[in-house]
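Since the structure comes first, as structure tokens, the remarks are kept for the end.
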Amino acid sequence: MQVLARGRISLYEPRGDFQLILDSVQGAGEGALQRRFEELKRKLQAEGLFEAGHKQALPAYPGRIGLVTSPRGAAVRDILHVLERRWPLARVRLYPVLVQGNGAPAEIRGAIEAANRHGWAQLLIVGRGGGSLEDLLAFNDEAVARAVFSSVIPVISAVGHETDFSICDFVADLRAPTPSAAAELATPDQAALREAFARAQRQLWRRMQGRMQRDSQRLDHLAHRMRQRHPATRLADQSRRLRGLRAALERGVVRALESRALRLEAFERRLAACRPDRTLDALAGRVGAARRSLDRLTLAAVRARGQRLRELARTLHAVSPLEVIGRGYAVISATTTGAVVSSVAQLARGDRVEARLTDGSLYCTVDSVRKGFEA
587 MQVLARGRIS LYEPRGDFQL ILDSVQGAGE GALQRRFEEL KRKLQAEGLF
637 EAGHKQALPA YPGRIGLVTS PRGAAVRDIL HVLERRWPLA RVRLYPVLVQ
687 GNGAPAEIRG AIEAANRHGW AQLLIVGRGG GSLEDLLAFN DEAVARAVFS
737 SVIPVISAVG HETDFSICDF VADLRAPTPS AAAELATPDQ AALREAFARA
787 QRQLWRRMQG RMQRDSQRLD HLAHRMRQRH PATRLADQSR RLRGLRAALE
837 RGVVRALESR ALRLEAFERR LAACRPDRTL DALAGRVGAA RRSLDRLTLA
887 AVRARGQRLR ELARTLHAVS PLEVIGRGYA VISATTTGAV VSSVAQLARG
937 DRVEARLTDG SLYCTVDSVR KGFEA
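Residue numbers for the sequence shown follow my numbering, beginning at 587 and rising by one.
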């Protein structure tokens, strides 16, 4: 251990001995540097410069990285090599400084402040290779530490080897054990990014397929609903109902005629079985009257059923969408959805609609909407 001693020398003449009488003793060399290091560390820690709340987050994908280091040292070569391997997309700007010697602290502080004034860099790496405590003295300077703390650009401190610690390490937003490790910590891994991109691409493709399938099903559903609501489809349904009613009416008339014919045949058989001479003429008259009555009833039933059939046909024809259109009306539907418009509340100015007429369609744009029928 080296010390710096202050005192006076005395001589004992009888023996010729010299004595050193010390007034004060203090450490020198590495010991003094270590003491000043610890004193500055305690001072800045008491001011809160080391607290985690002051640490800035590093950019996930830095595109512009500033290096504050010596242009001739091994540190800059190691950093550039790692950046080229891991993140070649990043642009690098070197802020060349002395990393040891009397002028080093001022140059390092000036480079950090200049980088903040320029605003070009998204991330700063401040550091150098390993060395003794005296070699790393510039990074234990109070002015340098305060410049790192005041930087609005996130700072990675990469001073020395893994076992070396500097004041900059405690103040910086992140400490790296070596300059190469700083480049590793500053950049994302290309292989991991490629895997994440491929995974995101697969997820996006699955979502797109699911969305397309859902949209296709929805489109089919809408097309089916449009076909059901189309006037031609409704007219076909009404026509089928009319044919069913006509067939039912015809079957009813035929059954009534067959029933009357069967009753007449039974009556004739009973009459033929009796054949009394005295009542023959009377029975013949009754038979004739019954036949005429049957004819009248049958004709009346046929006429009544026919009249009912014509009334049903007229009613069905009157409610037919095409007949309504033929009387000067139109069927309005929205062109975007195909839904029939029955209220002005379904439309707004600028909407496109289709008006179906008896001989074609008109495609119109709504100029204005007015509720009610006031002029």
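Don't be surprised by glycine CBs; every beta carbon is placed ideally from N, CA and C.
Item: Could you name the residues of the same chain whose beta carbon sits closer than 7 Å to that of L626, not counting the 5 residues immediately before and after it, in chain order?; Value: N726, E728, I753
Item: Going straight from the alpha carbon of K957 to that of V930, what length do you get?; Value: 7 Å
Item: Closest to V685 by CA distance: which of I711, G715, A701, R677 is it?; Value: G715
Item: Where does D759 sit, in a helix, a strand or coil, going by DSSP?; Value: coil
Item: Using the beta-carbon count (16 or more within 10 Å), is S743 buried or exposed?; Value: buried
Item: Which same chain residues, not among the five before or five after R695, have their C-beta less than 6 Å away from its C-beta?; Value: A729, V730, A733
Item: Counting beta carbon pairs with one atom in the region 866-886 and one in the region 842-851, are three or more of them shorter than 8 Å?; Value: yes
Item: Does the region 811-827 come close enough to the region 749-763 to have 3 or more Cβ pairs within less than 8 Å?; Value: no
Item: Taking C-alpha atoms, which residue in G687, I698, E720 lies nearest to L619?; Value: E720
Item: Can you list, in chain order, the residues of its chain with a C-beta nearer than 8 Å to that of L943? Leave out the 5 residues immediately preceding and following it.; Value: I911, A916
Item: Determine the direct distance from the alpha carbon of A904 to that of A834, and round the result to whole angstroms.; Value: 21 Å
Item: Is the separation between the beta-carbon of V952 and that of D937 shorter than 8 Å?; Value: yes
Item: What number of angstroms, rounded off, separates the C-alpha of A886 from the C-alpha of V939?; Value: 52 Å
Item: I need the DSSP call for D750, collapsed to helix, strand or coil.; Value: coil
Item: Going by DSSP, what residue range makes up the alpha helix (DSSP H) through R780?; Value: 776-815
Item: Only counting runs of 4 or more residues, tell me where the alpha helix (DSSP H) segments fall wholly within the region 680-754, in order along the chain.; Value: 690-704, 728-736
Item: Anyone know if the C-beta pair for L644 and D759 falls short of 8 Å?; Value: yes
Item: Determine the burial state of V888: buried for a count of at least 16 other Cβ atoms within 10 Å of its Cβ, exposed for fewer.; Value: exposed
Item: Given 8 Å as the limit, is there contact between the region 705-715 and the region 648-665, that is, 3 or more CB pairs closer than that?; Value: yes
Item: Assuming the contact rule is C-beta atoms closer than 8 Å, L898 and L831 should be a hit. Round their C-beta distance to whole Å, please.; Value: 6 Å
Item: Suppose you measure from the CA of Y949 to the CA of R792; what does that come to, to the nearest Å?; Value: 39 Å
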